[in-house]
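Novice:
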Amino acid sequence: GFVYERAAINEWFLCGKYSSPMTNEPLDDTSFTPARALRNAICSLLHGEPTADP
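Residue numbers (this note's numbering): 2 to 55.
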């Protein structure tokens with residue numbers, strides 16, 4: 002799947018677009034699933050903390 006910033010995808014949906022911004026395919030589900038691992042990795046990088054290799 003794809004990861005989007007919450008504000009950006011909310012705006013996409015508010016404009017009446019219920020398709021993937023990346024593929025333009027219709028979305029069956031417009032619920033959110035937080036990407037906690039990605040958020041944590043970004044925070045670690047911003048704070049200069051080491052991260053584990055994938």
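Positions of the beta carbon are idealized from the N, C-alpha and C atoms, including for glycine.
In this text the structure is predicted, and so the values were computed from the model without any measurement.
What does PRO27 pair with, by DSSP beta-bridge criteria?
Specialist: Its beta-bridge partners are SER20.
Novice: I want to check one thing, is the minimum distance from the CB of PHE33 to the heavy atoms of the ligand MN below 7 Å?
Specialist: In the structure on display, the ligand MN does not appear, and there are no ligands present to speak of.
Novice: With the cut-off set at 8 Å, would you say PHE3 and SER21 are in Cβ contact?
Specialist: Yes; because the gap between Cβ atoms is below 8 Å, this pair is in contact.
Novice: Quick one: Cα of ASP30 to Cα of ILE10, how far?
Specialist: So the alpha carbons of these two residues sit roughly 13 Å apart.
Novice: Determine the direct distance from the alpha carbon of TYR19 to that of TYR5, and round the result to whole angstroms.
Specialist: Cα to Cα, the separation comes out at about 14 Å.
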